[in-house]
């Protein structure tokens with residue numbers, strides 16, 4: 002995780018803590034609806050923190066080289082261009098997975 006990602010995560014935590022503290026103060030001395038609003042708002046930076054730490058570029062989630070290997074394996078196992086463009090309903094004439102159908106019915 003880069004220093005800028007760590008700084009952003011720290012900012013998310015501080016913002017969430019500040020909003021939660023404001024919610025506590027509002028529940029004690031202010032209108033209850035403001036406390037509810039600040040309680041809900043304090044969850045938003047935590048959601049952003051989770052999304053930030055799960056993104057592939059920030060050290061979390063899937064590794065880019067593993068994802069690339071998976072895509073290469075799937076493309077290598079693919080039949081033909083017509084199969085891709087027809088959503089798997091037909092094959093090119095030269096495709097090895099094409100099934101020959103007879104005209105006898």
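Numbering (the numbering used here), first residue to last: 2 to 106. Virtual Cβ for every residue (Gly too), placed ideally from N, Cα, C.
Which of helix, strand or coil DSSP assigns to residue i
{"i": "residue 32", "result": "coil"}
{"i": "residue 68", "result": "helix"}
{"i": "residue 37", "result": "helix"}
{"i": "residue 93", "result": "coil"}
{"i": "residue 80", "result": "coil"}
{"i": "residue 43", "result": "helix"}
{"i": "residue 88", "result": "coil"}
Proximal residues to residue i (C-beta, below 6 angstroms), its chain only, five neighbours per side dropped
{"i": "residue 35", "result": "27"}
Proximity winner among the options, relative to residue i (alpha-carbon distances)
{"i": "residue 83", "options": "73, 94, 29 and 76", "result": "94"}
Outcome for residue i when other beta-carbon atoms lying within 10 angstroms are tallied against a minimum of 16
{"i": "residue 76", "result": "exposed"}
{"i": "residue 24", "result": "buried"}
{"i": "residue 43", "result": "buried"}
{"i": "residue 17", "result": "buried"}
Same chain, Cβ closer than 7 angstroms to residue i, five either side skipped, listed in chain order
{"i": "residue 14", "result": "50"}
{"i": "residue 85", "result": "79"}
### Task
Taking 8 angstroms as the threshold, find out whether the region 33-44 comes into contact with the region 65-76 through three or more Cβ pairs.
Taking a contact to require three or more Cβ pairs closer than 8 angstroms, the region 33-44 and the region 65-76 do not qualify as touching.
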